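This report refers to the structure that appears directly beneath it.
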Amino acid sequence: MRIALPLQDSNLASHFTKASYFAIYDEFGDLITQFDNPAIESGCSGKHQLVERFTEYKVATILVKNIGERMLGKLLENGINIKQVNQRNQAISELLNQLAHYPVLSERSQGRPSIQYQAKQSQGECCSHTASSSCHRQSCEAHHHQGKHGCDHH
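Everything in the sequence shown is counted per our numbering, starting at 8 for the first residue and increasing by one.
Here it is, written out as C-alpha cells:
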C-alpha cells in the first residue's frame, strides 16, 4: 500500500492543493518518491496532473488536513482513500504510524467548498485561464463557454 502526503516545509500542508510538494511512502514508511506540486503553477491542468501522478504511483491513501470538495471528489472517483489528520505539526513517521486511526473522507461533501469556483460559476466561467495556460488542454469551445468571462484563448 502506498500513502501520499501533501507537504509544506516537511510538515503536513494545511491545504492539499497548496502543498509545496508531495511525498509517497510504502506501507513500511519508506520514501518511494517525492515531487513538486504541479497544481501550484498550472491551475486546472496541474490538478489533473496531480491525480494522474497518484494513479501512476498506485497511491492507495492520501492523508490531508484540509481538501476542497472538487479535488476530494476527483480523488475518490479514482479509488483513492482520503484520511483526515487533525494536527499539522506531527513527524511524518507519527503520521504514518497513526494511519489506521484517522477518519476517512468518503463523500465529496466532506471537503471544503470552493468559494473561487462558485464565484466563477456564477459569472459563467469554468476556470481562470489565460492565453498562456491551457485549461484541461482544451479550447474554450470544448468547455462550452466561448465568449464568456475569463476566456481569452482566442
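Beta carbons are placed, not taken as given, at the ideal position from N, Cα and C, and that holds for glycine. All of these numbers come straight from a predicted model, not from anything done at the bench.
- Assignment of residue 88 by DSSP, reduced to helix, strand and coil, places it in the strand class.
- The continuous beta strand (DSSP E) containing residue 69 extends over residues 66-71.
- In this chain, the alpha helix (DSSP H) harbouring residue 57 covers 45-63.
- Residue 32 has 10, 38 as its beta-bridge partners, per DSSP.
- Distance from the Cα of residue 25 is smallest, within the candidate group 53, 83, 37, for 53.
- Taking the Cα of residue 41 as reference, the smallest distance to any Cα among 115, 9, 88, 97 is reached at 9.
- A distance below 7 Å separates the beta carbons of residue 91 and residue 112.
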